[in-house]
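Counting from 41, one number per residue, gives the positions in the sequence shown under the numbering used here. Every residue gets a Cβ at the ideal spot worked out from N, C-alpha and C, and that includes glycine.
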Amino acid sequence: MPTLVISIDGAIIKEVPLLKERTTLGRRPYNDIVIDNLAVSGEHAVLTLASGKVTIEDLRSTNGTYVNGQAVHHHQLVHGDLLDIGRYKLRFVQQETGTQATATGTGATPAVPAASQEAPGFELTQPPSISMLPQRLACIRMLSGNIPGRQIPLTKVVTTLGKPGVAVASITQKPYGFVLAQLEGELATLKLNGQLVGSSPAPLLSGDMLELAGSQMQFLIE
41 MPTLVISIDG
51 AIIKEVPLLK
61 ERTTLGRRPY
71 NDIVIDNLAV
81 SGEHAVLTLA
91 SGKVTIEDLR
101 STNGTYVNGQ
111 AVHHHQLVHG
121 DLLDIGRYKL
131 RFVQQETGTQ
141 ATATGTGATP
151 AVPAASQEAP
161 GFELTQPPSI
171 SMLPQRLACI
181 RMLSGNIPGR
191 QIPLTKVVTT
201 LGKPGVAVAS
211 ITQKPYGFVL
221 AQLEGELATL
231 KLNGQLVGSS
241 PAPLLSGDML
251 ELAGSQMQFL
261 IE
């Protein structure tokens with residue numbers, strides 16, 4: 041099921057399944073996804089679902105719609121794409137149902153947190169769900185380098201990866217997910233699913249591919 045994973049300041053706050061043929065996004069209250077932020081236009085963008093494919097179209101918004109850091113007008117989304125809408129980041133996830141069940145360990149829908157836990161100025165008009173990631177076991181599986189195949193369990197609040205003085209990244213457990221950030225080294229040394237992470241923390245999803253100073257690894261949740 042295609043889903044938008046919505047985060048702000050590095051913390052995942054919502055997962056929005058795209059169930060409708062057209063899902064509108066904007067600041068006005070009649071949108072399907074309402075983001076009450078002045079950087080978001082009243083009718084900012086629309087997501088269209090057809091034949092299992094999802095496209096996003098910018099509705100001539102004032103500040104534009106960005107996918108993986110590039111301004112777009114009409115763009116077909118693929119798994120892992122990162123959208124920037126105002127202060128919010130929206131990760132597009134599209135996996136088979138069986139894959140999702142394996143990642144979560146259950147077919148049940150996680151509980152929705154109380155409204156007081158949500159970020160201010162954010163509202164959804166369709167039922168969301170949220171993954172309580174700290175309740176599950178996560179790890180990094182090395183794919184290259186000196187220890188290919190080794191799995192590093194993420195049991196601490198903050199786990200650092202890399203070589204001090206060259207490139208260091210951190211994976212932090214937040215209340216509603218795991219967040220990747222770069223601590224040391226040039227910004228071009230850390231990539232997530234082939235895209236540069238840059239100076240802003242990025243939310244992680246099970247199966248994400250990481251590259252740090254040429255070493256490749258995969259983030260997994262059991």
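Please determine, among the options, the residue with the shortest C-alpha to C-alpha distance to residue i.
i	options	result
V198	C179, L252, P188, L232	C179
V86	T102, L78, N108, T63	T63
G217	A228, G202, L194	L194
R67	E61, V118, N77	N77
A221	H115, V237, P57	V237
N186	E262, T200, M257	M257
T229	Q213, F259, K214, L250	L250
S210	L223, E61, K60	L223
E262	D124, N103, L177	L177
V208	S255, D72, K54	S255
L183	V118, G247, K203	G247
If I'm right that residue i touches residue j with Cβ under 8 Å, what's the distance once you round it to whole angstroms?
i	j	result
P42	R131	No, P42 and R131 are not in contact; Cβ-Cβ is about 11 Å, not under 8 Å.
G234	A253	So it is not a contact: roughly 15 Å between Cβ atoms.
K129	S239	Wrong, their Cβ atoms sit about 13 Å apart, outside the cutoff.
K93	Q110	With 8 Å as the limit, K93 and Q110 do not qualify as a contact, their Cβ atoms being about 19 Å apart.
L123	T105	7 Å
P204	V219	Not a contact, Cβ separation roughly 20 Å.
L65	I73	4 Å
Quick one: residues in its chain with C-beta nearer than 7 Å to the C-beta of residue i, no 5 flanking neighbours on either side, listed in chain order?
i	result
G126	I75, N77, A79, V80
L245	V45, R131, V133
R181	Q191, M257, Q258, L260
G189	M182
V206	G225, A253
Between residue i and the rest of its own chain, which residues show a CB-CB distance below 6 Å, the 5 nearest in sequence each way excluded?
i	result
S101	S81, H84
H113	D98
G120	N233
P57	M41, T43
G202	V208, A209, L252
N103	A79
K231	E251
L59	none
Tell me which residues share the same chain as residue i and place their Cβ nearer than 8 Å to its Cβ, disregarding the 5 neighbours each side in the sequence.
i	result
E61	T88, L89, A90
N108	D121, L122, Q235
L227	L236, V237, G238, S239
V118	F132, Q134
Next item on the list: Pick out the complete beta strand (DSSP E) segments inside the segment 64 to 121, 3 residues or longer, and give them in chain order.
Entry: 73 to 75, 85 to 90, 93 to 98, 105 to 107, 110 to 112, 114 to 116
Next item on the list: Pick out the complete alpha helix (DSSP H) segments inside the segment 163 to 245, 4 residues or longer, and give them in chain order.
Entry: none
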